[in-house]
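Residue numbers (the working numbering), protein chains in the order written: chain A, 95 to 189; chain B, 785 to 1187.
For every residue, glycine included, the Cβ atom is placed at its ideal position computed from N, Cα and C.
Small disclaimer: the values here were computed from a predicted structure and weren't measured.
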Amino acid sequence: MSAETVRFWLDGAERRGPAGVPVGFVLYAQGERILGWNEATGAPRGLYCGIGHCFECRLTIDGVRDQRACLVPLAAEMQLTRQAPPPALTFQEVP
Amino acid sequence: MSAATCDAVVVGAGPAGLAAAGTLTARGHSVLLVDEAPVPGGRLRAQWYRLGSAVWDGRAEVRRLVEGVGAGATWRLGTAVHAVSGTSDEGFAVDLGAEVVRARTVLLATGATEVPLAMPGWTLPGVLAVGAAQTLWRGWHMAPGRRGVIVGINPLGFAVAQELADAGLASLAVVMPPPGLATAHLGSVGEQWDRLLALAAGAPPWAKPVAGLLHGRPGWRRAAMRWFPAQGIRVAGARLQLTRQALALEGADRVEAVRLQRLDAGGEPVGAPWREAVDFVLLAGGLRPLGELLGQVGAAMGHYEGLGGDVPLVTTRLATSRPGVFAAGNTLGIESARVAMAQGGLAGLGMAAHLGDEPPEDAWQRARGAMAAARRQVPFTFQPGLMQARAQHRQDSAREVGP
């Protein structure tokens, strides 16, 4: 890989990785399988389709929520944040 | 040119879209190329395989195609198309979220998507669509893991298995998907075996061990399966285990094991399931043409299993039933990248003609010749019955949308 190595941040922790490679792939290769949690069930989710179709790899990137990690190239000083599962949803029976 | 108005918007910068854009810019038309991915080339970027003594290098092909597009195009990479509305006469409005672009013609070259195998545990981190593993390795030189299983029998799975084997990744097994999945096109275990045999009969590079197993006689399937080794046979660098079925993928917060079941010669489960440790799983459910935008513009469609699903009906110039909207590449049916490029060239000429710039006869002849040549050079067919489906699609198209 000839890409320049740059510094970035995952959940506030300092990391290094190849610039230009989509962040979802960078994190997978660094062993970070969990990229988020399903909003309804809280189950962990990660990289799946790699082409922007499945929306399972959504991260907050530089403050913008729900960015597909498989489509966004890594850039220097990028802030990546895994989106916390929301407070438990309650479902009501519809009569 | 201003991006806000142009002769043609090309949706999808894969082999079909790039070839069409190159054809249009060469004739002096302004083109806007849009793709969701941050880099051009689509799935072609991740392709690399031997073709006889030659090598098919997807990245080199992408470079060549991008050079062909030249400076006459405006690019919107990392950009999704939200909607296409309007008509050719009043101008199409292509909504890119941050801006709306107007165009007189639109090419939908949105490619294909992988059919999910929605089996128990398939959402666990570490479970990837097989194409994602190809992009990981071929696109970015990253391995999906050390010990994995491919669930599902199809040509893309074998291509990826071969690439990972060439890369020195050990212990890759290919097993059958579980019964009762919502992906109805899979059919029974027996039907999946038959489909594999039909594909092997087309003599793709991986098929030799499979074809040898059956002596080229599909009717021998039951006998062949009775003698099929439990440990599998070596195919494309992986162990093809046709008498093993994955029932579930298991793990706490990432995939750690696959629950397997032995099958008898009739495809029925025999014995108790057991677990094997893995650190990744690739799901190979096959490819389906991606056609949301075709549905949105109301193009006439038809369903062809041999083409991979629902595709638009098109003229021989690849015009859909909506004047000014063209289609090319895998959105027209699952075929090779070379066919997609040839379709892009043809659609580019069709769009030029629609813009009032009718190409000379020899340009059409070259484009049709390229298409025929591409179909002769396929490294493997993705679906059995492709050529029959293509003939039926041609016939239906001529009746519904014209020659």
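Check your understanding: So is Trp906 (chain B) buried or exposed if we call it buried at 16+ other beta carbons inside 10 Å?
Key -> As a working mapping, residue 906 (chain B) is identified with position 122 in the second sequence. It is buried - the Cβ of Trp906 (chain B) has at least 16 other Cβ atoms within 10 Å.
Check your understanding: For Leu129 (chain A), which residues of its own chain have a beta-carbon under 8 Å away from its beta-carbon, when the five flanking residues on both sides are left out?
Key -> If you number the first sequence from 1, residue 129 (chain A) lands on position 35. For Leu129 (chain A), where only same-chain residues beyond five positions count, the Cβ hits under 8 Å are Gly118, Leu121, Arg139, Gly140, Leu141, Glu150, Cys151, Arg152, Leu153, Ala163, Arg176.
Review point. If you measure beta-carbon to beta-carbon, which residues of the stretch 126 to 148 of chain A are closer than 8 Å to chain B?
Key: Arg127, Ile128, Leu129, Asn132, Ala137, Pro138, Arg139, Gly140, Leu141, Tyr142, Cys143, Gly144, Ile145, Gly146, His147, Cys148
Review point. Roughly how many angstroms lie between the CA atoms of Val1185 (chain B) and Gly1113 (chain B), to the nearest whole one?
Key: Taking the first residue of the second sequence as position 1, residue 1185 (chain B) is located at position 401. Taking the first residue of the second sequence as position 1, residue 1113 (chain B) is located at position 329. Roughly 19 Å separates the two Cα atoms.
Check your understanding: Just checking my contact of Gly856 (chain B) with Val815 (chain B) at CB under 8 Å: how many whole Å lie between their CB atoms?
Key -> Within the second sequence, numbered from 1, the residue matching residue 856 (chain B) stands at position 72. Within the second sequence, numbered from 1, the residue matching residue 815 (chain B) stands at position 31. Rounded, the Cβ-Cβ distance is 7 Å, consistent with contact.
Check your understanding: In chain order, what residues of the same chain lie with their CB nearer than 7 Å to the CB of Gly114 (chain A), ignoring the 5 residues before and after it?
Key -> Position 20 of the first sequence, counted from the start, is the residue given in the question as residue 114 (chain A). Around Gly114 (chain A): Ala97, Pro167, Leu168.
Exercise for review: Using the Cα positions of Ala1154 (chain B) and Gln1025 (chain B), report the straight-line distance between them to the nearest angstrom.
Suggested key: Here the question's residue 1154 (chain B) lines up with position 370 in the second sequence. Here the question's residue 1025 (chain B) lines up with position 241 in the second sequence. Computed Cα separation, rounded: 39 Å.
Practice item. From the DSSP output, read off the bridge partner residues of Glu108 (chain A). Key: For this step, residue 108 (chain A) is matched to residue 14 along the first sequence. Partner(s): A:Trp103.
Review point. Where does Met785 (chain B) fall in DSSP's three states?
Key: Within the second sequence, the letter at position 1 stands for residue 785 (chain B). Caution applies to Met785 (chain B), whose pLDDT of 43 falls short of 50 and renders its modelled position unreliable; the model cannot decide the point.
Point to revise | Contact list for the stretch 156 to 178 of chain A against chain B, Cβ threshold 9 Å | key: For the stretch 156 to 178 of chain A, residues whose beta-carbon sits nearer than 9 Å to a beta-carbon of chain B comprise Arg162, Cys164, Leu165, Val166, Pro167.
**Study point:** Trp924 (chain B): contacting residues in chain A (beta-carbon distance under 7 Å)
**Key:** The residue labelled residue 924 (chain B) in the question sits at position 140 within the second sequence. Correct list: Val115, Phe119.
Practice item. Name the one or two DSSP bridge partners that Gln173 (chain A) has. Key: The residue you call residue 173 (chain A) lines up with position 79 of the first sequence. Beta-bridge pairing links Gln173 (chain A) to A:Trp103.
**Study point:** Nonlocal neighbours in the same chain, by C-beta distance under 6 Å from Ala170 (chain A), ignoring five residues either side
**Key:** By 1-based counting over the first sequence, the position of residue 170 (chain A) is 76. Cβ neighbours of Ala170 (chain A) beyond the five flanking positions: Val100.
Practice item. With distances taken Cα to Cα, identify the nearest neighbour of Arg834 (chain B) among B:Leu1047, B:Glu947, B:Gly798. Key: Sequence index remark: in the second sequence, residue 834 (chain B) carries index 50 (1-based). For the residues B:Leu1047, B:Glu947, B:Gly798, the minimum Cα distance to Arg834 (chain B) belongs to B:Glu947.
Review point. Does Gly1092 (chain B) get closer than 7 Å to chain A when you measure Cβ to Cβ?
Key: The sequence position of residue 1092 (chain B) within the second sequence is 308, counting from 1. Closer than 7 Å: no.
Check your understanding: Using 8 Å as the threshold, is the stretch 1055 to 1067 of chain B in touch with the stretch 921 to 932 of chain B, meaning 3 or more CB pairs across them?
Key -> As far as the Cβ criterion goes, the stretch 1055 to 1067 of chain B touches the stretch 921 to 932 of chain B, which means the pair count is three or higher.
Practice item. Report the residue from B:Tyr1088, B:Gly1075, B:Gly1132 whose alpha carbon sits nearest the alpha carbon of Thr1100 (chain B). Key: As a working mapping, residue 1100 (chain B) is identified with position 316 in the second sequence. Just measuring C-alpha positions, the residue of B:Tyr1088, B:Gly1075, B:Gly1132 sitting nearest Thr1100 (chain B) is B:Gly1132.
Review point. In angstroms, rounded to a whole number, what distance separates the CA positions of Gln186 (chain A) and Ala821 (chain B)?
Key: On the first sequence, position 92 is the one that residue 186 (chain A) refers to. On the second sequence, position 37 is the one that residue 821 (chain B) refers to. Between Gln186 (chain A) and Ala821 (chain B), the C-alpha separation is close to 40 Å.
Check your understanding: Residues of chain B with CB under 7 Å from Ala123 (chain A), in chain order?
Key -> One-based indexing of the first sequence puts residue 123 (chain A) at position 29. Under the 7 Å cutoff, chain B gives Met926.
Exercise for review: Spell out a yes or no on whether the stretch 887 to 901 of chain B and the stretch 1133 to 1149 of chain B are touching, meaning 3 or more CB-CB pairs, one atom from each, closer than 8 Å.
Suggested key: yes
Point to revise | Contacting positions in the stretch 1027 to 1047 of chain B - beta carbon closer than 7 Å to chain A | key: Result list: Asp1037, Arg1038.
**Study point:** Collapsed DSSP secondary structure at Ser869 (chain B) in the structure displayed
**Key:** Here residue 869 (chain B) is taken as the residue at index 85 of the second sequence, counted from 1. Strand.
Check your understanding: What do you get for Val818 (chain B), buried or exposed, if any count of 16 or more other CB atoms within 10 angstroms of its CB means buried?
Key -> As a working note, residue 818 (chain B) is residue 34 in the second sequence. Buried.
Practice item. Consult DSSP for Leu1033 (chain B) and reduce its assignment to one of helix, strand or coil. Key: If you number the second sequence from 1, residue 1033 (chain B) lands on position 249. Residue state, collapsed to three classes: strand.
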